[in-house]
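Colleague: Quick one: structure below, then a few questions.
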Amino acid sequence: MPMPQAGDKAPGFSLPDQSGATVSLSQFKGRHVVLYFYPKDATPGCTTEACDFRDEHSALVKAGAVVLGVSPDSVASHQKFATKQGLPFSLLADPDHALADAYGVWGEKSLYGRKFMGLIRATFLIGPDAKVVRVWPKVKVAGHVAEVLATLQGGSSSDAASAPKAPAKAPVKAAAAKKAAAEAKPATVKKPAAKKAPAAKPARKGARA
Numbered sequence: 001m002p003m004p005q006a007g008d009k010a011p012g013f014s015l016p017d018q019s020g021a022t023v024s025l026s027q028f029k030g031r032h033v034v035l036y037f038y039p040k041d042a043t044p045g046c047t048t049e050a051c052d053f054r055d056e057h058s059a060l061v062k063a064g065a066v067v068l069g070v071s072p073d074s075v076a077s078h079q080k081f082a083t084k085q086g087l088p089f090s091l092l093a094d095p096d097h098a099l100a101d102a103y104g105v106w107g108e109k110s111l112y113g114r115k116f117m118g119l120i121r122a123t124f125l126i127g128p129d130a131k132v133v134r135v136w137p138k139v140k141v142a143g144h145v146a147e148v149l150a151t152l153q154g155g156s157s158s159d160a161a162s163a164p165k166a167p168a169k170a171p172v173k174a175a176a177a178k179k180a181a182a183e184a185k186p187a188t189v190k191k192p193a194a195k196k197a198p199a200a201k202p203a204r205k206g207a208r209a
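Residue numbers (the numbering used here): 1 to 209.
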């Protein structure tokens with residue numbers, strides 16, 4: 001199946017999590033869902049990604065999102081992994097990779113020249129209307145969770161670049177420019193006034209001419 005894109009209706013699902021409880025997309029109607037697919041429990045990259053989601057979980061919930069991890073691992077494997085890492089969110093078991101197929105993340109991979117079928121690391125942000133808001137295909141773990149959180153908070157780099165700039169306050173700028181111009185002008189040196197010649201003293205009476 002092709003990978004859903006922004007604006008597409010998100011494929012529904014009902015899968016067991018690490019506690020054996022059934023988790024469905026429909027139960028989160030009206031909320032954002034961060035659905036992230038990862039290859040395997042307890043591997044280095046997957047552990048780092050899960051712990052990053054764990055560390056930012058409170059902020060993600062505050063931003064209105066539910067976090068759900070998905071891999072082909074069993075419920076028992078998920079339970080062991082979630083308990084060891086203290087994960088506060090659900091990990092969904094997709095052993096027959098039916099959900100991975102529905103989201104287009106089950107495909108050919110290559111490792112050390114060997115090709116095989118497996119799960120491609122990817123994340124989908126699903127909106128309150130059950131439509132895909134954003135897709136991160138072929139996720140690089142470093143910095144990924146921070147980017148997801150920034151998108152939820154409306155502060156992604158692309159949004160920031162396109163945001164209109166606040167109008168400049170002309171009066172303040174004009175005053176500053178005037179002050180700078182004044183400081184830049186060389187000080188005017190006043191020439192000292194010419195000294196007047198002293199008035200001639202009147203001759204004394206009786207003095208010889």
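C-beta: ideal position from N, C-alpha, C; glycine also.
1. Measure the C-alpha to C-alpha separation of residue 97 and residue 14 and round it to an integer number of angstroms.
2. How big is the Cα-Cα spacing for residue 64 and residue 133?
3. Which residue wins for smallest C-alpha separation from residue 12, given the options 75, 74, 131?
4. Just list the beta strand (DSSP E) runs in the region 63-136, keeping only unbroken ones of 3 residues or longer that don't cross its boundaries, in chain order.
5. Looking only at its chain, what residues have a beta carbon closer than 7 angstroms to the beta carbon of residue 42, apart from the 5 residues adjacent to it on each side?
6. Under a Cβ-count criterion, where at least 16 other Cβ atoms within 10 Å of its own Cβ denotes burial, should residue 89 be classed as buried or exposed?
7. Counting beta carbon pairs with one atom in the region 16-33 and one in the region 104-116, are three or more of them shorter than 8 angstroms?
8. If contact is defined by three or more beta carbon pairs under 8 angstroms, each pair taking one atom from either stretch, is the region 113-129 in contact with the region 140-154?
9. Measure the CB-CB distance between residue 118 and residue 2 and report whether it falls below 9 angstroms.
10. By alpha-carbon positions, which one of 23, 100, 36, 4 ends up nearest to residue 144?
Modeller: In terms of the structure at hand:
1. Here residue 97 corresponds to residue number 97 of the sequence shown, with the count starting at 1. Here residue 14 corresponds to residue number 14 of the sequence shown, with the count starting at 1. Computed Cα separation, rounded: 13 angstroms.
2. The residue given as residue 64 occupies position 64 in the sequence shown. The residue given as residue 133 occupies position 133 in the sequence shown. Roughly 14 angstroms between the two C-alpha positions.
3. Working through the sequence shown from its first residue, we reach residue 12 at position 12. Comparing Cα-Cα distances from residue 12 to each of 75, 74, 131, the minimum goes to 131.
4. Here the runs fully enclosed are 65-71, 90-93, 106-111, 114-119, 122-126, 132-136.
5. Here residue 42 refers to the residue found at position 42 when the sequence shown is read from its first residue. Taking C-beta separations shorter than 7 angstroms and ignoring five residues to either side along the sequence, the partners of residue 42 in its chain run 81, following chain order.
6. In the sequence shown, the residue the question calls residue 89 occupies position 89. Label assigned to residue 89: buried.
7. At 8 angstroms Cβ cutoff, the stretches do not touch.
8. Yes, the region 140-154 is in contact with the region 113-129.
9. Position 118 of the sequence shown, counted from the start, is the residue given in the question as residue 118. Position 2 of the sequence shown, counted from the start, is the residue given in the question as residue 2. Not in contact: residue 118 and residue 2 (Cβ atoms no closer than 9 angstroms).
10. The residue labelled residue 144 in the question sits at position 144 within the sequence shown. Residue 36 is the option with its Cα nearest to residue 144.
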